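Asker: In the numbering used here, the protein residues as written are 1 to 238. Virtual Cβ for every residue (Gly too), placed ideally from N, Cα, C. Keep in mind the model is a prediction, meaning the values are calculated, not measured.
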DNA sequence: AAGGATTCCAACCGCGGGAGG
DNA sequence: CCCTCCCGCGGTTGGAATCCT
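(1) Please name the residue or residues paired with residue 71 in a DSSP beta bridge.
(2) In its own chain, which residues sit with a C-beta less than 6 Å from the C-beta of residue 102, not counting the 5 before and 5 after it?
(3) Can you check which of these residues, 40, 37, 53, is closest to residue 17 by C-alpha distance?
(4) Based on Cα-Cα distance, which residue from 61, 121, 82 lies nearest to residue 29?
(5) Give the straight-line distance between the Cα atoms of residue 37 and residue 51, rounded to the nearest whole angstrom.
(6) Among 80, 33, 46, whose alpha-carbon lies nearest the alpha-carbon of residue 19?
(7) Taking the runs of the alpha helix (DSSP H) that are 4 residues or longer, which of them lie wholly in the region 21-102?
(8) Just to check my reading of the structure: residue 25 and residue 56 have Cβ atoms closer than 8 Å, yes? What is that Cβ distance to the nearest angstrom?
(9) Could you check where the alpha helix (DSSP H) with residue 114 kicks off and where it finishes?
(10) Determine the DSSP secondary structure at residue 18, reduced to helix, strand or coil.
(11) Give the C-beta separation of residue 66 and residue 99 to the nearest angstrom, bearing in mind that I take them to be a contact with Cβ-Cβ under 8 Å.
(12) Using a 10 Å radius around the Cβ and a threshold of 16 neighbouring Cβ atoms, would you call residue 93 buried or exposed?
(13) Classify residue 110 as helix, strand or coil using the three-state DSSP reduction.
(14) Buried or exposed: residue 72, going by 16 or more other Cβ atoms within 10 Å of its Cβ?
(15) Can you tell which of 64, 79, 14 has the C-alpha that lies nearest to the C-alpha of residue 127?
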């Protein structure tokens, strides 16, 4: 059972990427565009599996990726979208320009789910938890992969002062093909009333603005906008 | 200051689905 | 249809960074 590995692992680099590998990958994609991940490493002179290249590009090297802390607007938007979409990180990421699904998933697992728990909200169902349970560690992998001192962990679930994450070095060169990214393209095509053609970047921003506006209105407890927001979100799932 | 505990996030893994033969 | 290839997604892991005692 199971599929064969995406590529032979023999002789391939794993783990953190070096600057040289980043450069090779970036230069290759700038010259040839995204896609054909399986054959890309060989052509680019990388001893990496295609999947690894794709991941590195999507989550780190791609131009216009936002670095640094999630803003409070983004934070609220993620929570709202998660109530509507669940763990569909790529869909959620599609509504947050410059953020990657991996980043949002990590942010959710390390910050938001814990925060919701401390607020007495089930991070999965977004329902209020009736009794007053001890904050439960919901990340099961952490339970298995590291020994835990529970009481200490519970203590740590109390929100602490935010940590500042310095932006990591990333390319700043503009890249015309950025918004040819399939996911973004697909997302745009699902939105009704978005004029065809025009500047992709502007469309993306318009899209975000529209979403943000809906979000802010729901925060104002306006029931009509709440309905509007949810139906808008549901339209994205088609 | 030291070292154990915990957090965070980049990267890996396996699976599902679409496309094409 | 069935099979294979490839891509993308969500869950999980490993280890550096940070915190705590």
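Answerer: The relevant details are as follows:
(1) Position 71 of the first chain, counting from 1, holds the residue named residue 71. DSSP lists no partner for residue 71.
(2) As a position in the first chain, residue 102 is number 102, starting the count at 1. Closer than 6 Å at the Cβ level, and outside the excluded window around residue 102, lie 59.
(3) Counted from its first residue, the first chain places residue 17 at position 17. Cα-wise, what sits closest to residue 17 is 53.
(4) Position 29 of the first chain holds residue 29. For residue 29, the nearest C-alpha among the options comes from 61.
(5) Within the first chain, numbered from 1, the residue matching residue 37 stands at position 37. Within the first chain, numbered from 1, the residue matching residue 51 stands at position 51. Rounded to the nearest angstrom, the two C-alpha atoms are 7 Å apart.
(6) Within the first chain, the letter at position 19 stands for residue 19. It is 46.
(7) 40-44, 50-56, 72-85, 89-94
(8) As a working mapping, residue 25 is identified with position 25 in the first chain. As a working mapping, residue 56 is identified with position 56 in the first chain. So it is a contact: roughly 6 Å between Cβ atoms.
(9) Walking along the first chain from the start, residue 114 turns up at place 114. Its alpha helix (DSSP H) spans residues 113-118.
(10) For the purposes of this step, residue 18 is taken as the residue at position 18 of the first chain. Here residue 18 sits in coil by DSSP.
(11) Here residue 66 refers to the residue found at position 66 of the first chain. Here residue 99 refers to the residue found at position 99 of the first chain. At roughly 6 Å, the Cβ-Cβ gap stays under 8 Å, so residue 66 and residue 99 are in contact.
(12) Position 93 of the first chain, counting from 1, holds the residue named residue 93. Flag for residue 93 reads buried.
(13) Counted from its first residue, the first chain places residue 110 at position 110. It is helical.
(14) The residue given as residue 72 occupies position 72 in the first chain. Result: exposed.
(15) For the purposes of this step, residue 127 is identified with residue 127 of the first chain, where counting begins at 1. Residue 79 is the option with its Cα nearest to residue 127.
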